[in-house]
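Enquirer: Residue numbers (my numbering): 69 to 269.
Structure in structure tokens, see below.
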Amino acid sequence: MMKKLLLSLTLAASVTGMAYAQSVEEKTATCTACHGAEGVSMIPNWPNLAGQGSNYLFKQIKDIRDGRRSIPEMTGMVDHFTDADVREIANYYSSKPANLGQADPALAEKGRNLYRAGDMAKGIPACTACHLPNGGGNKPAAFPALSGQHPTYTVNQLKTFREGSRNNDPNSMMRLIAEKMTDAEMEAVASYMSGLHGTNR
């Protein structure tokens, strides 16, 4: 009788645990307001997550959760996620089709030159070194994909690196680059990167 009772309690506990297990869609439900149902944001101030490297997303979500990257609008939103949750969410968005952006033709030449060659006179390296010629990013190294990203968001991030208010870049590499860039240069390269479409043009 006792064995049957223990078995019943064990099964009940298992069923209860399963009832509270969330799917990745449920875990990301609060993300959709800013990042879109498929990881493509309708608001240019917020990043597209679809097609982004899983390692990059994993690092950024953990940095936000653990206080290494400050985003006031996300306060408390990821605090309850375990590392396993974060990895699942990162993989989920990484598997989504990436956004296709459109570069401003008026900024394309200046942006292309900066992205592909940098500006050695100012000590600005080519963006291709870390983000690849097609803007796909170095996924194993957790360097982000930039192709299709909203230019407004990219410019805002470059400015926060320049100001030092974002400081979760490895070895300060983005801060050292951004502090040498003008607003006009940031706008040009952000526009060009958005329109790369994963090609080598």
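Every residue, glycine too, gets a C-beta built ideally from N, C-alpha and C.
These figures come from a predicted structure and were not determined experimentally.
1) For Val92, which residues from the same chain have a beta carbon less than 7 Å from its beta carbon, with the 5 sequence-adjacent residues on both sides left out?
2) What does the Cβ neighbour count give for Ile111, buried or exposed, with the cut at 16 atoms within 10 Å?
3) So with Cβ pairs under 9 Å, would you call Thr143 a contact of chain B?
4) Restricting to runs no shorter than 4 residues, where is the alpha helix (DSSP H) found entirely within the region 77 to 138?
5) Verify whether the separation of the beta carbon atoms of Gly186 and Ala194 is less than 9 Å.
6) Out of Arg184, Ser162, Ser262, Pro219, which has the shortest C-alpha to C-alpha gap to Gly121?
7) Flag this pair as touching only if the region 233 to 240 and the region 125 to 141 have three or more C-beta atom pairs under 8 Å; answer yes or no.
8) What do you reckon, are the CB atoms on Pro165 and Ala89 nearer than 9 Å?
9) Would the region 203 to 222 count as touching the region 166 to 178 if we require 3 or more Cβ pairs under 8 Å?
Expert: Reading off the structure:
1) The answer, listed in chain order, is Glu156, Ile157, Tyr160.
2) Of the other Cβ atoms in all chains shown, fewer than 16 fall within 10 Å of the Cβ of Ile111; this residue is therefore exposed.
3) In summary, chain B is missing from the structure at hand, where a single protein chain is found.
4) As for any alpha helix (DSSP H) of minimum length 4 sitting wholly inside the region 77 to 138, the runs are 92 to 95, 100 to 103, 122 to 133, ordered along the chain.
5) In this structure, the beta-carbon distance from Gly186 to Ala194 falls below 9 Å.
6) Of all alpha-carbon atoms in Arg184, Ser162, Ser262, Pro219, the one lying nearest the alpha-carbon of Gly121 is that of Ser162.
7) Touching, per the Cβ criterion.
8) Their beta carbons are not under 9 Å apart, which means Pro165 does not touch Ala89 by this criterion.
9) With the cut-off at 8 Å, the region 203 to 222 and the region 166 to 178 touch.
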